[in-house]
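Have a look at the structure below before the remarks.
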Amino acid sequence: MATIFSGIQPSGIITLGNYLGAMKQFVELQDDYNCYFCIVNQHAITVPQDPSTLRENSRRLAALYLAVGLDPSKITLFIQSEVPAHAKLGWIMMCTAYLGELERMTQFKDKAQGRGEAIPGGLLVYPPLMAADILLYNTNLVPVGDDQKQHLELTRDLAERFNKRYGEVFTIPEIRVPKVGARIMSLQDPGKKMSKSDPNPGGFISMLDDEKTIVQKVKRAQTDSDNQIHYNPEEKPAISNLLSIYSLCSGKSIDELEQQYQGVGYGQFKSDLAEAILQTMRPIQQRFNELYHSSALDDILDQGAEKANSVANQTLQKVEQAMGMARSR
Ligand code: AQP
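Numbering (the working numbering), first residue to last: 1 to 329.
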């Protein structure tokens, strides 16, 4: 069975964008792949985090992974910092990467902007740590949103560079990006992707927002100048984004939705869209509430860490052996 690895940062409460772009695919894949899903808290600390909020968001994220439909008897769910091999291989991948290629990463450029001299070093070396996350599990496929494509290409380059120098140690992973929903945009600025750490909460729908907040956020979402419900991401980015969200939440195709809303105004469209989002979120939030305080969640994370440690340590051993870092007796 081929292996999947994917991670999400507990850098806030995950958004509908994270769900539609990443998590929804995980659920579809869990029966056919050997799956590792990770709460990447070491990535989250590449920008400052409040300790109690980080702890809470990590637990929330664990509960949400399961609440969306992942089955712990089929998948391995764990917290990155509980598997020390990630940081160890991360260092080796940092030594494999070149400064120029790290500086070219668009996420680094975006996140470094406006920080003056106080750019955390972790922002620059985020991609080699991500490469380590993936390579430790001999991953064949990485399901992610469109924004992570560049990091994935770098992961492949680093793995190939390492294999060329030290022998065939790493499996070269493929990327899987969904056809629709790969990049859900901000509700307030359709030129920017929806992000859980957006300082403007009107830009994103959090997976734990209450019903009133969701309805309000959809009502206030930006639209385009004419009053037509038509999919055209270049000319009508705002309404096209809402149509993608509607399509993914309702299961109706974009063509079907365009037909349904011919001659209908934005008001009715938005109120139906809010209802489609609520129908997607209600069962998830209900399962979340059951799981969040349960000790079963800790048991699942303990078992996940045990399994992940055992696989990751084997890969790390191979790497250290190949590089001459393991002592021979
Ligand atoms: N807007 C999005 N549309 C589709 N997919 C998205 N993803 C993120 N935003 C969107 C996908 O979600 C997964 C987890 O992302 P992450 O938490 O590791 O980091 P990120 O991509 O930087 O996500 P955020 O929400 O924007 O986090 P912050 O605000 O902390 O930077 C990935 O598969 C990602 O592609």
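From the three backbone atoms N, C-alpha and C, an ideal C-beta is built for every residue, glycine too.
Only a predicted model underlies this, so the values are computations on that prediction, with no experimental measurement involved.
Distances from the CA of F108 to each of S310, P120, V180 and L124 were compared; the closest alpha carbon is that of L124.
One alpha carbon belongs to V177, the other to G12, and they sit about 22 Å apart. A distance below 6 Å between beta-carbons, with the five flanking residues on each side excluded, links N34 to the following residues of its chain, in chain order: M1 and T3. Burial state of Y261 is buried, judged by a 10 Å Cβ sphere holding 16 or more other Cβ atoms. The beta carbon of F204 lies closer than 6 Å to those of T15, M194 and D198 in the same chain, with the five residues before and after it left out. If you look at R327, you'll find it isn't in any alpha helix (DSSP H); DSSP assigns it neither H nor E. Shown here, T53 sits in a helix according to DSSP, grouped into three states. In this structure, A67 sits away from F269, with a CB-CB distance that is not shorter than 8 Å.
Taken in chain order, the whole beta strand (DSSP E) runs of length 3 or more contained in the segment 166-229 are 174-176. Beyond the five residues adjoining it in sequence on each side, I119 comes within less than 7 Å, by CB distance, of A112 in the same chain, given in chain order. In the structure shown, the three-state DSSP call for Y126 is helix. For a cut-off of 8 Å, the C-beta gap from L64 to M207 is around 6 Å, short enough to register as a contact.
A straight line joining the alpha-carbon of T53 with that of R220 spans about 28 Å. With fewer than 16 other CB atoms across the displayed protein chains lying within 10 angstroms of its CB, A326 is exposed.
Contact check for V311 and I92: beta-carbon distance about 17 Å, past the 8 Å limit, so the pair fails to qualify.
Apart from the 5 residues on each side of it in sequence, D71 sits with its Cβ closer than 8 Å to the Cβ of Q30 in its chain, given in chain order. In terms of Cα proximity to R183, the closest of Q228, L243 and E275 is L243. Judged by DSSP secondary structure, I39 falls within the beta strand (DSSP E) whose first and last residues are N34 to I39. Using a Cβ-Cβ distance cut-off of 8 Å, the segment 160-177 and the segment 128-139 are in contact, since at least three pairs of beta carbons, one from each stretch, lie closer than that value.
If you draw a straight line from the Cα of M323 to the Cα of F5, it comes to about 24 Å. In the same chain as E160, and ignoring 5 residues on each side of it, the C-beta atoms closer than 7 Å to its own belong to I172, in chain order. Between A97 and the set S73, G69, F78 and M130, the nearest pair of CA atoms involves M130.
The residue from T76, G304 and L154 with its alpha-carbon nearest to that of L99 is L154. Counted as a single uninterrupted DSSP element, the beta strand (DSSP E) harbouring L141 occupies residues L141 to P143.
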